[in-house]
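Position in the sequence shown (first residue = 1) + 11 = the working numbering.
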Amino acid sequence: MARSSFSSRCCSGVRATAGSTKTAAEAIAAATGGDLLELEPSEPYTSADLDYNSTDSRVSREHDDETLRDVALKTTTADNWADYDTVYIGYPIWWGIAAWPVDTFVKANDFTGKTVIPFCTSASSDIGESGTQLAALAGTGDWQEGQRFPSAVTQQEVTDWVKSLGK
Ligand SMILES: Cc1cc2nc3c(=O)[nH]c(=O)nc-3n(C[C@H](O)[C@H](O)[C@H](O)COP(=O)(O)O)c2cc1C
Numbered sequence: 012m013a014r015s016s017f018s019s020r021c022c023s024g025v026r027a028t029a030g031s032t033k034t035a036a037e038a039i040a041a042a043t044g045g046d047l048l049e050l051e052p053s054e055p056y057t058s059a060d061l062d063y064n065s066t067d068s069r070v071s072r073e074h075d076d077e078t079l080r081d082v083a084l085k086t087t088t089a090d091n092w093a094d095y096d097t098v099y100i101g102y103p104i105w106w107g108i109a110a111w112p113v114d115t116f117v118k119a120n121d122f123t124g125k126t127v128i129p130f131c132t133s134a135s136s137d138i139g140e141s142g143t144q145l146a147a148l149a150g151t152g153d154w155q156e157g158q159r160f161p162s163a164v165t166q167q168e169v170t171d172w173v174k175s176l177g178k
């Protein structure tokens, strides 16, 4: 099987922002010739759900109570998963960590034998420990150091990063 890559991203349907992670994921897919899987919460987040300035919004309640962070996804299964040797996992940063719906995908899949490359977008935070936290949740896979992009990410900077990885 030829080397192939696969990029997933969290939180389709989230349109309170411009879809920065989607922009980055699409640029990775274009640069690698890889496939994309959107990680869509079964109950999509509305703009109101994502209002972190409201203590009563869905995302604030989930942030304040870890037991609420077990977010179901429409699917956690990628076709031909076994064929991918490199998996890029993208997410926005929420309160300094990976947006937690991505946890559901990470916990549900076996990354054995795969190189896993986290990437995120954020307003200002660095990628921090988000990648290593996801690696611990996954428990399998060869997780690489991740990359943070700004919310105003451009296709060019993502393409340059992918090229620098030699993937
Ligand atoms: C609930 C929530 C929490 C956020 N927390 C942070 C944060 O801690 N640090 C930061 O730099 N940006 C934070 N942001 C901004 C997002 O990480 C940033 O806008 C990201 O690019 C959004 O990606 P998206 O358009 O793919 O959703 C937060 C946004 C939301 C909705």
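C-beta atoms are modelled at their ideal positions from N, C-alpha and C, and glycine is treated no differently. Note that the structure is a prediction, hence the values are computed from the model and not measured.
For residue i, the three-state DSSP class (helix, strand or coil)
i	result
threonine 97	strand
glutamine 158	strand
glutamine 46	According to the sequence displayed, residue 46 carries aspartate and not glutamine. Aspartate 46: strand per DSSP, three-state reduction.
alanine 109	strand
aspartate 114	helix
valine 173	helix
leucine 79	helix
isoleucine 104	strand
Straight-line Cα distance separating residue j from residue i
i	j	result
proline 103	threonine 32	6 Å
leucine 47	threonine 87	13 Å
valine 169	alanine 35	6 Å
aspartate 60	lysine 118	24 Å
serine 175	glutamine 158	12 Å
serine 58	leucine 148	28 Å
threonine 43	valine 173	8 Å
serine 133	serine 162	5 Å
glutamine 166	serine 65	32 Å
glycine 107	aspartate 114	14 Å
glycine 30	alanine 83	20 Å
aspartate 94	aspartate 67	43 Å
cysteine 131	tyrosine 63	18 Å
aspartate 137	aspartate 90	32 Å
arginine 80	serine 71	10 Å
threonine 123	tryptophan 154	10 Å
aspartate 76	glutamate 156	28 Å
valine 164	glycine 150	30 Å
alanine 40	glycine 152	20 Å
The alpha helix (DSSP H) enclosing residue i, as first and last residue numbers
i	result
serine 141	141 to 149
serine 71	69 to 75
For residue i, the first and last residue of its enclosing beta strand (DSSP E)
i	result
valine 127	126 to 133
State whether the segment 117 to 127 contacts the segment 89 to 109, with contact taken as three or more CB pairs (one from each stretch) at a distance under 8 Å.
-> yes
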